[in-house]
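In what follows, a single structure is set out as structure tokens and then discussed.
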Amino acid sequence: MMEEEFRVSLDTIPTEVFLYICSFIDAKQVADCLRYVCTRFYEVLSSESAWKCRLKETCPNMLPAVDYIDDEPDWLELCYQIESELQLWKRERDKMRYCYWGVDSCIDAVKLIDGGKRVVSGSRNRELKVWSIDAAPKCEKSILSAHTGWIWDLAVDNKNIYSCSWDSYIKRWDPDCNFAEVDSYKCSAAVLSIVCRDGLLVGGLFKPEVVAFDPRQNGPIFSYTPHRRSITGLALVGENYLVSVSEDKSIAVWDLRTREKVTENIEVSCDNSIPISIFYNNNLLYIGDTRANMHIISNNNGVFEKKVTCHLESEGQNRLTSIWHGLGCIIVGSTDKSVKIFQPTQPLNLICELNVKGEVTSIDYDSSALAVGSSTSLEVWDIKNNFLI
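Residue numbering for the sequence shown follows UniProt numbering, beginning at 1 and increasing consecutively.
Given below as structure tokens:
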């Protein structure tokens with residue numbers, strides 16, 4: 001009788017002790033498996049406060065960065081993503097399948113498609129290529145003379161792939177029809193950046209102009225001039241806003257509903273640096289410039305505010321040509337021939353650095369693969385096929 005009274009098990013021990021034991025188990029196992037063992041486990045391990053405390057212990061510098069997000073985060077998901085990315089890039093990187101292709105012309109744009117099974121690249125030899133990174137990595141499709149100028153950017157929606165070029169055209173390609181050219185959209189200058197979603201295609205030009213198309217119609221639906229110099233990058237912010245960055249060192253916010261500028265331009269760089277890359281996620285804009293600075297700007301229901309500038313130390317003043325960020329990590333490509341993966345903390349915590357054969361021009365990332373385009377190569381770290389070749 002006495003033995004039964006003092007019997008200790010996971011479902012009867014104090015909550016604090018149970019959570020301490022859980023702290024030695026990966027967040028993925030805790031969230032996906034242990035949480036569903038019994039009703040008590042589910043109640044304890046679904047508590048936002050439990051995951052917030054866990055994150056505070058495992059990644060204390062994360063909390064200042066979370067303050068930039070105006071919405072209350074999903075603490076379980078945030079902790080899950082932080083620990084998963086750390087596990088992946090710190091401890092399991094050597095298990096990834098690494099694919100490398102040397103190229104004879106600089107690749108300036110890459111996009112993952114088909115759940116990370118294929119990569120589309122655009123290069124300065126005017127060629128659009130499709131690379132398979134599934135069972136047998138290879139170049140699957142090559143479209144010679146896809147443009148008559150350098151291909152500078154790519155965008156993907158649910159059905160189509162778009163490319164833009166120094167030949168002043170944006171083109172639409174259909175993956176379901178062997179990447180046949182479906183439409184082309186003539187612009188008034190070279191197109192340096194594009195973004196898209198269903199029913200909307202936007203290009204930033206080699207002059208202070210942004211032009212928008214409805215892919216279902218002929219001709220532009222609107223254009224505007226938000227800057228004094230060329231547009232270097234674009235980002236769609238939710239359903240309502242479009243943000244542009246420019247050689248004039250500022251960002252401009254455009255309301256897609258009223259088709260008016262929301263506020264005065266926000267100056268990003270105060271030295272001789274120029275913003276050249278931009279990525280939006282989780283209410284935050286990350287902007288990279290030509291002097292290894294990364295600028296973070298928050299969005300609170302259309303109110304944009306510059307929060308902090310981080311200088312990514314490296315030899316010389318390298319260009320941050322491409323940025324991706326999510327809840328679990330920030331990935332930055334640079335002309336110093338590296339891709340750096342950081343925890344989204346403040347200050348930034350470097351998880352790992354990947355050495356790339358050439359100067360990095362473009363990156364794309366999802367849960368299945370990291371694709372990197374450079375001046376000399378296309379390189380892919382294949383996560384879904386977690387073995388070496």
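Glycine included, each C-beta is placed from N, C-alpha and C at the ideal position. Note that the coordinates shown come from a computational prediction; the quantities given were computed from them, not determined experimentally.
Taking the alpha-carbon positions, what's the residue i to residue j distance?
{"i": "R35", "j": "Q346", "result": "30 angstroms"}
{"i": "I278", "j": "S322", "result": "7 angstroms"}
{"i": "D104", "j": "M62", "result": "42 angstroms"}
{"i": "L234", "j": "P226", "result": "12 angstroms"}
{"i": "T148", "j": "S165", "result": "8 angstroms"}
{"i": "D167", "j": "R229", "result": "19 angstroms"}
{"i": "S49", "j": "N125", "result": "54 angstroms"}
{"i": "H295", "j": "N283", "result": "14 angstroms"}
{"i": "V360", "j": "D108", "result": "8 angstroms"}
{"i": "A135", "j": "S123", "result": "25 angstroms"}
{"i": "I351", "j": "E83", "result": "11 angstroms"}
{"i": "E239", "j": "P60", "result": "33 angstroms"}
{"i": "E305", "j": "C38", "result": "44 angstroms"}
{"i": "A146", "j": "E181", "result": "9 angstroms"}
{"i": "D364", "j": "I221", "result": "29 angstroms"}
{"i": "Y185", "j": "G219", "result": "7 angstroms"}
{"i": "K90", "j": "E260", "result": "45 angstroms"}
{"i": "E127", "j": "S362", "result": "16 angstroms"}
{"i": "W101", "j": "S377", "result": "6 angstroms"}
{"i": "E353", "j": "G328", "result": "16 angstroms"}
{"i": "K52", "j": "L76", "result": "8 angstroms"}
{"i": "R93", "j": "F342", "result": "14 angstroms"}
{"i": "D214", "j": "D114", "result": "24 angstroms"}
{"i": "C187", "j": "Q217", "result": "15 angstroms"}
{"i": "T58", "j": "P175", "result": "43 angstroms"}
{"i": "T309", "j": "N318", "result": "16 angstroms"}
{"i": "V243", "j": "V120", "result": "25 angstroms"}
{"i": "C99", "j": "N160", "result": "25 angstroms"}
{"i": "C22", "j": "D32", "result": "13 angstroms"}
{"i": "D271", "j": "I13", "result": "58 angstroms"}
{"i": "S334", "j": "E209", "result": "26 angstroms"}
{"i": "S132", "j": "L86", "result": "27 angstroms"}
Which of the three DSSP states is assigned to residue i in this structure?
{"i": "S377", "result": "strand"}
{"i": "R228", "result": "coil"}
{"i": "T258", "result": "coil"}
{"i": "M41", "result": "The sequence as given places Phe at residue 41; Met does not occur at that position. Reduced to three states, the DSSP call for F41 is helix."}
{"i": "R93", "result": "helix"}
{"i": "C199", "result": "One point to set straight first is that residue 199 is Gly, not Cys, in the sequence displayed. Note: G199 maps to coil in three-state DSSP."}
{"i": "C270", "result": "coil"}
{"i": "F387", "result": "Annotation note: pLDDT 43 at F387 (below 50); position unreliable, no value reported."}
{"i": "R35", "result": "helix"}
{"i": "C310", "result": "strand"}
{"i": "D382", "result": "strand"}
{"i": "D214", "result": "coil"}
{"i": "G219", "result": "coil"}
{"i": "C177", "result": "helix"}
{"i": "G116", "result": "helix"}
Give every residue of the same chain whose Cβ lies closer than 8 angstroms to the Cβ of residue i, excluding the five residues on either side of it in the sequence, and list them in chain order.
{"i": "N158", "result": "D198"}
{"i": "Y162", "result": "L154, A155, V156, I170, K171, R172, W173, I194, C196 and L201"}
{"i": "I383", "result": "L88, M96, G116, S367, S368, A369 and L370"}
{"i": "G302", "result": "N240, Y241, V253, D255 and V262"}
{"i": "I151", "result": "D108, A109, G122, S123, R124, R126, E127, L128, S163, C164 and S165"}
{"i": "L55", "result": "M62, L63, W75, L78, C79 and I82"}
{"i": "D183", "result": "K171, R172 and P215"}
Assuming residue i is part of the alpha helix (DSSP H), what are its boundary residues?
{"i": "V30", "result": "A27 to D32"}
So residue i packs on residue j, CB below 8 angstroms; how close in whole Å?
{"i": "I297", "j": "L285", "result": "4 angstroms"}
{"i": "V130", "j": "R118", "result": "6 angstroms"}
{"i": "I231", "j": "L192", "result": "6 angstroms"}
{"i": "V372", "j": "V356", "result": "6 angstroms"}
{"i": "S223", "j": "V211", "result": "4 angstroms"}
{"i": "S338", "j": "G358", "result": "About 11 angstroms separates the two Cβ atoms, so there is no contact after all."}
{"i": "V44", "j": "F18", "result": "6 angstroms"}
Just reading off the beta strand (DSSP E) that residue i is part of, what are its end residues?
{"i": "Y20", "result": "From DSSP, Y20 is part of no beta strand (DSSP E) but of the alpha helix (DSSP H) over T15 to C22."}
{"i": "L55", "result": "Segment E48 to T58 is the alpha helix (DSSP H) holding L55; no beta strand (DSSP E) there."}
{"i": "R172", "result": "Y169 to D174"}
{"i": "Q81", "result": "Note, Q81: premise wrong, no beta strand (DSSP E); alpha helix (DSSP H) at W75 to L86."}
{"i": "N301", "result": "Taken as a continuous stretch (DSSP letters only), N301 belongs to no beta strand (DSSP E), as it is neither H nor E."}
{"i": "F279", "result": "P275 to N281"}
{"i": "D153", "result": "I151 to V156"}
{"i": "V182", "result": "A180 to K186"}
{"i": "H325", "result": "L320 to H325"}
{"i": "D289", "result": "L284 to D289"}
{"i": "L348", "result": "Counting along the chain, L348 falls outside any beta strand (DSSP E), and DSSP gives it neither H nor E."}
Please list, in chain order, all residues of the same chain as residue i whose beta carbon is under 6 angstroms from its beta carbon, the five residues on each side excluded.
{"i": "S367", "result": "none"}
{"i": "V332", "result": "L320, I323 and K340"}
{"i": "K141", "result": "V130 and F179"}
{"i": "Y280", "result": "A235 and V237"}
Once you ignore the five residues that flank residue i on each side, which residues in its own chain have a CB closer than 7 angstroms to its CB?
{"i": "I389", "result": "Low confidence applies here, because I389 scores a pLDDT of 36, under 50, leaving its location unreliable; read the following figure in that light. Answer for I389: R97, listed in chain order."}
{"i": "S273", "result": "D289, T290, R291 and N293"}
{"i": "K249", "result": "E267, V268, S269, I274 and P275"}
{"i": "M2", "result": "In this predicted model, M2 has a pLDDT of only 47, less than 50, meaning its place in the structure is not dependable enough to derive any value."}
Would you say residue i reaches chain B, if we count a Cβ-Cβ gap shorter than 8 angstroms as a contact?
{"i": "W89", "result": "In the structure shown, chain B does not exist; there is a single protein chain."}
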